[in-house]
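Chains as they are written, first to last, in my numbering: chain R, 40 to 155; chain C, 134 to 248. Beta carbons are placed, not taken as given, at the ideal position from N, Cα and C, and that holds for glycine. Beneath this line is the structure, given in structure tokens, with notes to follow.
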């Protein structure tokens, strides 16, 4: 079964509009971390935002915020006031315990295109 | 600040040839190091990780191997490349192996094409 599900393979959004990228996860571990990364066409994977399973408040980093709904096991990324430079692939990832270590498990990604 | 380097940036190799990709990290000590592969249009697949010099854990059985000869150096190798080894290879570092909060930071990647 998929541990990380990103249901939107691609999205087109008008510049300056807000964007919500969906991510649902599956884990039985009470201690886990959720991450969003941006991958522009250059290929580099850029860390955006982190949410811990015990965090009471939703994480925010500038124009990025994470809508964390623990009971629903969702961790959607919200980008406010989108810009042309936001066009990229976006990956949701979950860090959970596997054996004696914590590993990142990745979703398939969402391709976001911002239209001028 | 920490910096992670990878080279080469791109590589075209024939089937059956050897491979060596290098990753180095600056600005931190005793990092946890990771090799990922990304097929076109897909998410990341963890190949190897290392918590210290000479300590390598393999996640996926394959014809690839990894080594960590120095604290901040991580090498991905193959003796004979297969067509299926084509992809984008990303190296990453993190500070805490035993915590869910550890953020991994990635290098610029190596795009490998096996012909």
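Closer than 9 Å to chain R by CB, residue i
{"i": "residue 159(C)", "result": "no"}
{"i": "residue 200(C)", "result": "no"}
{"i": "residue 205(C)", "result": "no"}
{"i": "residue 190(C)", "result": "yes"}
{"i": "residue 184(C)", "result": "yes"}
CB of residue i within 9 Å of CB of residue j, strictly
{"i": "residue 133(R)", "j": "residue 77(R)", "result": "no"}
{"i": "residue 144(C)", "j": "residue 154(C)", "result": "yes"}
{"i": "residue 140(C)", "j": "residue 222(C)", "result": "no"}
{"i": "residue 123(R)", "j": "residue 153(R)", "result": "yes"}
Any C-beta of chain C under 9 Å from that of residue i
{"i": "residue 107(R)", "result": "no"}
{"i": "residue 147(R)", "result": "yes"}
{"i": "residue 134(R)", "result": "yes"}
{"i": "residue 129(R)", "result": "no"}
{"i": "residue 122(R)", "result": "no"}
{"i": "residue 141(R)", "result": "yes"}
{"i": "residue 64(R)", "result": "no"}
For residue i: DSSP bridge partner residues
{"i": "residue 46(R)", "result": "DSSP lists no partner for residue 46(R)."}
{"i": "residue 244(C)", "result": "143(C), 221(C)"}
{"i": "residue 199(C)", "result": "209(C)"}
Per-residue contacts from residue i into chain B (C-beta, under 9 Å)
{"i": "residue 116(R)", "result": "Going by chain labels, chain B is absent from the structure shown, which instead holds the protein chains R and C."}
**OP:** Could you list the residues in the region 79–104 of chain R with a C-beta less than 8 Å from some C-beta on chain C, going in chain order?
**Re:** 81, 82, 83, 84, 85, 86, 89, 91, 92
Original post:
In chain order, what residues of the region 166–181 of chain C put their CB closer than 9 Å to some CB of chain R?
Top reply: 167, 169, 171, 174, 175, 176, 177, 178, 179
Original post:
Counting Cβ pairs closer than 8 Å, one from the region 172–192 of chain C and one from the region 200–212 of chain C, do we hit at least three?
Top reply: yes
Original post:
Listed in chain order, which residues of the region 42–59 of chain R have Cβ atoms closer than 7 Å to some Cβ of chain C?
Top reply: none
**OP:** Spell out a yes or no on whether the region 61–70 of chain R and the region 113–122 of chain R are touching, meaning 3 or more CB-CB pairs, one atom from each, closer than 8 Å.
**Re:** yes
**OP:** Report yes or no: do the region 142–152 of chain C and the region 201–215 of chain C share at least 3 C-beta pairs separated by less than 8 Å?
**Re:** yes
Original post:
Do the region 138–150 of chain R and the region 79–93 of chain R meet, that is, are 3 or more Cβ pairs less than 8 Å apart?
Top reply: no
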